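Q:
In this note's numbering, the protein residues as written are 1 to 401.
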């Protein structure tokens, strides 16, 4: 059960790591995608404005060149000044170059404030519009001021109404002062075209981002599933030799020393199995040596036991002999004392005989010599008997100790 938990932990660890990596990958890509989207949107927005500005500026350049054509006709006396002005305005009004009425409009204002061309509000044409306000702006007066300050032309932001709508919308104009006719000519266009294009771009971008995000999620889920499968297989592969080692360890704890682990892998698990097998071999050798030593000790113990038995038998025999020797010495001591008493009695008798025989000189001399020799002999025997008694007593004391 522990090994199953180990493989499960390996699988869960791999899944958690994969999940965290996938979430981090998705979040990072979403952040990068949003950042890229914002940058692209800004670049596209900027590009749209550049194209928008180039478009209205190009329209003014075209109209300016048209004015030069008609002014040259005036200089060549092909047309009068009035006729040249009238034909130039008509040409710009009817021209499809640069602008059409659906995309934007031209306007022409004289430096004195007279409106010469205003297709969005034709009612203002021929009138002095210097003080005319449109949505709070004196746009015509501002056109003249901006054109006078910028000889090469300049952009101007304003608000205009569409012909079919009463709402004002942001617009941008490019104004340029024509020094030939002393006019301020310009082209104006609603900024809504930029917003529409940007909205279309955002729609496409959001759709692409959503598809990419879905693709990332599908990829992450697929990746997690694959990692889960791989982690299960790897967990089983890693835990299999560990399970074998656990089972063999259990057999070892039950006393089975014949187990041998076989691992096909070439990683640390194989080293662990080899170390386990080596430990088992050493343990078997150690037990074999222990059994051999135990047999030798058993044989030695048997030999020692036999020697001890023999020693005990010899000691018993020695003890018996010592007891017999002690008894013999005791008997010898008693006999020596009896002899000593008899010798003492004999000495007294001899002394009495010597006294009785003193009466006869011959007998005395002869008997005296015999008595003297007998007395010496008895003294010598007495001394020897005393020595025997002393030696016997010492031997008895030694034996008793």
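No residue lacks a Cβ here, since even glycine has one placed at the ideal position from N, Cα and C. No experiment lies behind these values; they were computed from the predicted model shown.
(1) What does the Cβ neighbour count give for residue 116, buried or exposed, with the cut at 16 atoms within 10 Å?
(2) Checking the sheet assignment: what are the DSSP bridge partners for residue 115?
(3) Beta-carbon separation of residue 185 and residue 62 under 8 angstroms?
(4) I'd like to confirm the pairing. Which residues does DSSP put opposite residue 170 in its beta bridges?
(5) For residue 175 and residue 143, which I take to be in contact (beta-carbon distance under 8 angstroms), what is that distance rounded to the nearest angstrom?
(6) To the nearest angstrom, how far is it from the Cα of residue 153 to the Cα of residue 85?
(7) Judging by CA-CA distance, which residue of 252, 304, 303 is the nearest neighbour of residue 283?
(8) Given a cut-off of 8 angstroms on the beta-carbon distance, is the pair residue 206 and residue 41 in contact?
(9) Report the three-state DSSP secondary structure of residue 181 (helix, strand or coil).
(10) Between residue 135 and residue 74, what straight-line distance do the alpha-carbon atoms span, to the nearest angstrom?
(11) With DSSP as the reference, label residue 227 as helix, strand or coil.
(12) Restricting to Cα atoms, I'd like to know which of 179, 34, 157, 299 is closest to residue 169.
(13) Do residue 246 and residue 11 count as a contact pair if the criterion is CB distance below 8 angstroms?
(14) Could you spell out where the alpha helix (DSSP H) holding residue 144 opens and where it closes?
(15) What residue from 77, 113, 70 has the CA that sits closest to residue 87's CA?
(16) Going by the CB atoms, is the gap between residue 110 and residue 53 shorter than 8 angstroms?
(17) Roughly how many angstroms lie between the CA atoms of residue 165 and residue 172, to the nearest whole one?
A: The relevant details are as follows:
(1) buried
(2) 109
(3) no
(4) 159
(5) 5 angstroms
(6) 21 angstroms
(7) 252
(8) no
(9) coil
(10) 38 angstroms
(11) helix
(12) 157
(13) no
(14) 139-149
(15) 70
(16) no
(17) 18 angstroms
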